[in-house]
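Asker: One structure, as structure tokens, below. Some questions next.
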Amino acid sequence: MFERLDCVCIHTDDLEKSLTFLADMGLTEAWRLDRALDDGRPWTLIGLDFSDRASSQLVLSTHPDRRDIDVEIRVADVRAAYETLRRRPGVQWLAEPFPIEEGHVAVMTAPDGNIFVLIGS
Numbered sequence: 018m019f020e021r022l023d024c025v026c027i028h029t030d031d032l033e034k035s036l037t038f039l040a041d042m043g044l045t046e047a048w049r050l051d052r053a054l055d056d057g058r059p060w061t062l063i064g065l066d067f068s069d070r071a072s073s074q075l076v077l078s079t080h081p082d083r084r085d086i087d088v089e090i091r092v093a094d095v096r097a098a099y100e101t102l103r104r105r106p107g108v109q110w111l112a113e114p115f116p117i118e119e120g121h122v123a124v125m126t127a128p129d130g131n132i133f134v135l136i137g138s
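End of the sequence shown = 138 in my numbering, gap-free, step of one.
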């Protein structure tokens, strides 16, 4: 069901400071998404590539209400994975499947408390 690690997303309060540090470590900006919360507050996601392009990405987030580190896992079908995993004991859903630009996303907390973001079609 879990196909590969897509990225690890970390929070930052100072996007430029984090970008400068990570650029000095060899990462390069691959993409940027500027979004708004329901109340209009802006936030940003930035995907960073490592020098080894086969590697997963590191993503920076300025979302003011989500400060946990999350691990994003690629799955073939987010809705099918949700249907399978929602019956598993200890799995809690922070967000049921919803559409995004490239498919669907669902967010779960695993029985050990780690947050997994499922990304796929």
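Glycine included, each C-beta is placed from N, C-alpha and C at the ideal position.
Can Phe115 be considered in contact with the ligand ATP, in the sense that its beta carbon sits closer than 7 Å to one or more heavy atoms?
Answerer: Of ligands this structure carries none, so the ligand ATP is not represented either.
Asker: Using 8 Å as the threshold, is the C-beta distance between Leu62 and Leu75 below it?
Answerer: Taking the sequence shown and counting its residues from 1, one reaches residue 62 at position 45. Taking the sequence shown and counting its residues from 1, one reaches residue 75 at position 58. No, they are not a contact pair.
Asker: Considering just the uninterrupted stretch of the alpha helix (DSSP H) at Leu75, what are its terminal residues?
Answerer: The residue labelled residue 75 in the question sits at position 58 within the sequence shown. Not the alpha helix (DSSP H): Leu75 falls in the beta strand (DSSP E), residues 74-78.
Asker: Tell whether a beta-carbon distance below 8 Å holds between Leu32 and Leu77.
Answerer: Taking the sequence shown and counting its residues from 1, the one referred to as residue 32 is at position 15. Taking the sequence shown and counting its residues from 1, the one referred to as residue 77 is at position 60. Cβ distance < 8 Å, so Leu32 and Leu77 count as in contact.
Asker: Please name the residue or residues paired with Leu65 in a DSSP beta bridge.
Answerer: By 1-based counting over the sequence shown, the position of residue 65 is 48. The partner list for Leu65 (beta bridge, DSSP) reads Glu46, Leu75.
Asker: With Val25 as the anchor, note down where its beta strand (DSSP E) starts and where it stops.
Answerer: Counting from 1 along the sequence shown, the entry for residue 25 is found at position 8. 19-28 is the extent of the beta strand (DSSP E) around Val25.
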